[in-house]
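Notes follow the structure.
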Amino acid sequence: MQARKRAQDFARSLVERYGDEVVSVVLYGSAARGDYKEGLSDLNTLVLLRTRSPELLRRGTEIARAWAEEGNPPPLMFSESEWYASADVFPIEFGDIAEAHVVLHGTDPFEGMKIDWEHLRLQ
333 MQARKRAQDF ARSLVERYGD EVVSVVLYGS AARGDYKEGL SDLNTLVLLR
383 TRSPELLRRG TEIARAWAEE GNPPPLMFSE SEWYASADVF PIEFGDIAEA
433 HVVLHGTDPF EGMKIDWEHL RLQ
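Heads up: the sequence shown begins at 333 in this note's numbering, then just goes up one per residue.
Next up, the structure:
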């Protein structure tokens, strides 16, 4: 699939730029489910970094900008600690991503994560 290859190239570019700061890069949504439609679907990506500071994010600005200029949504970027602390705030979104995702680099961010559906009322 051409779309998945583009996402893998994006992940590789991030890893080249950020190095060991990248915990994981995940493709989610229609491309991960296998029903991506060129020109209609988005290539949705999630990037987890060990830390997230303005200086660190600036390192990847060119890569993220080029990705968006190709018509893709900007990646969701979290630090590792932000990610695990946010499951109670975004249970619907995290549940959707958990159901249809492919790890392009690193570890699976859903491994060991508990999405508590009781938190739906908070959202």
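Heads up, the beta-carbon is just placed ideally off N, CA and C, and yes, glycines get one too.
Query	Result
Assuming Ile447 and Phe426 form a contact by the criterion Cβ under 8 Å, report the distance between their Cβ atoms to the nearest whole angstrom.	5 Å
My output table needs one value for Thr377: the three-state DSSP class, helix, strand or coil.	strand
Output the boundary residues of the alpha helix (DSSP H) element that contains Phe422.	Neither: Phe422 is in no alpha helix (DSSP H) and is coded neither H nor E.
Starting from Ser362, follow the alpha helix (DSSP H) in both directions and report where the run begins and ends.	Ser362 to Arg365
Measure the alpha-carbon distance for Gly377 versus Leu359 and round it to whole angstroms.	A small fix is needed here, since residue 377 is Thr in this sequence, not Gly. If I take the Cα positions, the gap works out to 5 Å.
Who are the near neighbours of Val347 in its chain, counting only those whose CB is closer than 7 Å to its CB and skipping five residues on each side?	Val354 and His437
So does Ser418 have its beta carbon nearer than 7 Å to some heavy atom of the ligand MG?	With respect to small molecules bound, the structure shown includes none, and the ligand MG cannot be examined in it.
Please list, in chain order, all residues of the same chain as Gln455 whose beta carbon is under 8 Å from its beta carbon, the five residues on each side excluded.	Its pLDDT being 49, under 50, Gln455 is placed unreliably by the model, and the measurement read from it follows with that caveat. Contacts found: Val421, Phe422, Pro423 and Ile424.
Decide if Leu381 is buried, meaning its Cβ has at least 16 other Cβ atoms within 10 Å, or exposed.	buried
Beta strand (DSSP E) containing Phe342: first to last residue?	Note, Phe342: premise wrong, no beta strand (DSSP E); alpha helix (DSSP H) at Gln334 to Tyr350.
Flag this pair as yes or no: are the beta carbons of Ala335 and Ala364 separated by less than 8 Å?	no
Are the CB atoms of Arg338 and Gly392 nearer to each other than 8 Å?	no
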